[in-house]
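Here is the structure we will look at.
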Amino acid sequence: MTVPVTQTVEWIGQCYSHGSEHEHVSLYLIRDGDDTILIDSGSVYHRSEITSSVDTATGGDGPDAIVLSHSDYPHAANVSPLGGGTDTVELVASSGAPSQQGLPDARKCTIGGQLEVRGRTLSFIDPPLADRSHTTWIYDHGDGVLFTADGFGNYHEPGQCGYHSSDFADMIPKERIHAYHRDNLVWLRYVDPDKIERTLNDIFDRFEITAVAPIHGNPIMGEDLPKYRERLYESMNRIADEYEVTPSEKPE
8 MTVPVTQTVE WIGQCYSHGS EHEHVSLYLI RDGDDTILID SGSVYHRSEI TSSVDTATGG
68 DGPDAIVLSH SDYPHAANVS PLGGGTDTVE LVASSGAPSQ QGLPDARKCT IGGQLEVRGR
128 TLSFIDPPLA DRSHTTWIYD HGDGVLFTAD GFGNYHEPGQ CGYHSSDFAD MIPKERIHAY
188 HRDNLVWLRY VDPDKIERTL NDIFDRFEIT AVAPIHGNPI MGEDLPKYRE RLYESMNRIA
248 DEYEVTPSEK PE
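To convert a position in the sequence shown, counted from 1, into our numbering, add 7.
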């Protein structure tokens with residue numbers, strides 16, 4: 008099943024158990040007329056569910072293009088089963104050398120640039136919150152959705168797997184935003200949170216973002232973005248404060 012995010016963007020949500028909570032490893036579908044674009048292809052562990060959902064959503068035709076945030080298995084494991092890189096399914100990848108990462112047939116995007124994919128204009132953003140250097144965030148100029156990996160995630164309780172941010176009693180809880188970023192972006196303890204905040208603010212100033220669609224979290228609707236961003240910034244500062252980083256002693 009798919010869950011609508013905007014008029015033409017749908018969410019295919021999958022998640023794992025993380026102790027007593029869950030963590031999403033999802034993908035998204037963009038519809039543009041008769042064309043269907045997938046953002047990421049999901050995890051190998053959900054291959055059956057994902058291929059079935061995509062097959063149902065596309066009436067058995069499958070996607071016309073797959074755009075990857077990066078080539079790690081949680082994001083790119085189902086490229087081949089979904090037909091990516093064939094004559095009928097265009098594959099777009101963020102790596103500087105897709106062939107070296109097992110994607111020889113991929114069209115390379117340029118981070119900081121734009122591409123037309125099946126008639127849809129996509130911008131590729133250098134992400135301030137990511138776990139790999141070859142990652143990109145993807146902005147869809149059609150509906151104004153920002154697809155993020157790996158930032159803007161959160162853990163969630165069982166039973167909240169299909170929630171939008173607005174379905175929570177008080178938006179996505181700040182403790183789950185904090186715990187997710189603490190566990191998955193461990194480098195946050197070493198950096199100045201203010202610099203990341205300024206970079207994120209620049210992205211939101213540059214693009215008209217109607218929703219954020221994270222690969223590892225519940226979709227964040229436009230009206231909830233100010234509160235989510237506030238909780239994210241609080242979480243980054245808390246992570247930096249929780250860990251004391253001692254510089255190496257200089258030799259005399």
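Positions of the beta carbon are idealized from the N, C-alpha and C atoms, including for glycine.
| query | result |
| --- | --- |
| Reduced DSSP category for Val99 - H, G, I as helix; E, B as strand; rest coil | strand |
| Simplified DSSP state of Ser55, which is helix, strand or coil | helix |
| Beta-carbon proximity of Arg245 to His185, cut-off 8 Å | yes |
| DSSP-derived helix/strand/coil call for Glu249 | helix |
| Glu17 classed as buried or exposed, judged by whether at least 16 other C-beta atoms fall within 10 angstroms | buried |
| Beta strand (DSSP E) segment containing Thr206, residue limits | No beta strand (DSSP E) holds Thr206; the alpha helix (DSSP H) holding it covers 200-213. |
| Beta-carbon proximity list for Asp248, same chain, < 7 Å, skipping 5 on both sides | none |
| Identity of the residue in Gln121, Asp199, Glu123, Arg236 nearest Ile179 by Cα | Arg236 |
| Exposure of Pro105, with buried meaning 16 or more beta-carbon neighbours within 10 Å | buried |
| Touching by the beta-carbon criterion (3+ pairs, under 8 Å), the stretch 187-202 and the stretch 145-152 | no |
| Within 8 Å, strictly: CB atoms of Pro70 and Ile44 | yes |
| Own chain partners of Glu56 with C-beta closer than 8 Å, once the 5 adjacent residues on each side are dropped | Gln21 |
| Residue environment, Val51, which counts as buried when at least 16 other CB atoms sit within 10 Å | exposed |
| For Val96, the nearest candidate out of Asp68, Pro111, Asn208, Ala72 (CA to CA) | Ala72 |
| Endpoints, beta strand (DSSP E) assigned at Arg127 | 127-132 |
| Alpha helix (DSSP H) segments (min. 4 residues) lying fully within the stretch 132-199 | 181-191 |
| Three-state class that DSSP yields for Tyr42 in the structure shown | It should be pointed out that residue 42 corresponds to Asp in this sequence rather than to Tyr. The answer is strand: DSSP assigns Asp42 an E or B state. |
| Local Cβ density within 10 Å of Ser140, reported as buried at 16 or more and exposed below that | exposed |
| 7 Å CB neighbourhood of Ala113 in its chain, flanking five on each side removed | Gly92, Leu98, Val99, Ala100, Pro105 |
| Pick from Leu122, Ser78, Glu182 that is closest to Pro111, judged by C-alpha positions | Ser78 |
| Collapsed DSSP secondary structure at Val74 in the structure displayed | strand |
| Closest Cα partner of Gly166 within the set Ile132, Asp174, Glu182 | Asp174 |
| Under the three-state DSSP convention, the category Arg61 falls into | The sequence given here has Val at residue 61, not Arg. If DSSP states are grouped into helix, strand and coil, Val61 belongs with the helices. |
| Beta carbon of Tyr35 nearer than 8 Å to that of Phe154 | yes |
| Sheet register partners of Tyr23 (DSSP bridge) | Glu30 |
| Boundaries of the beta strand (DSSP E) in which Pro226 is found, first to last residue | Counting along the chain, Pro226 falls outside any beta strand (DSSP E), and DSSP gives it neither H nor E. |
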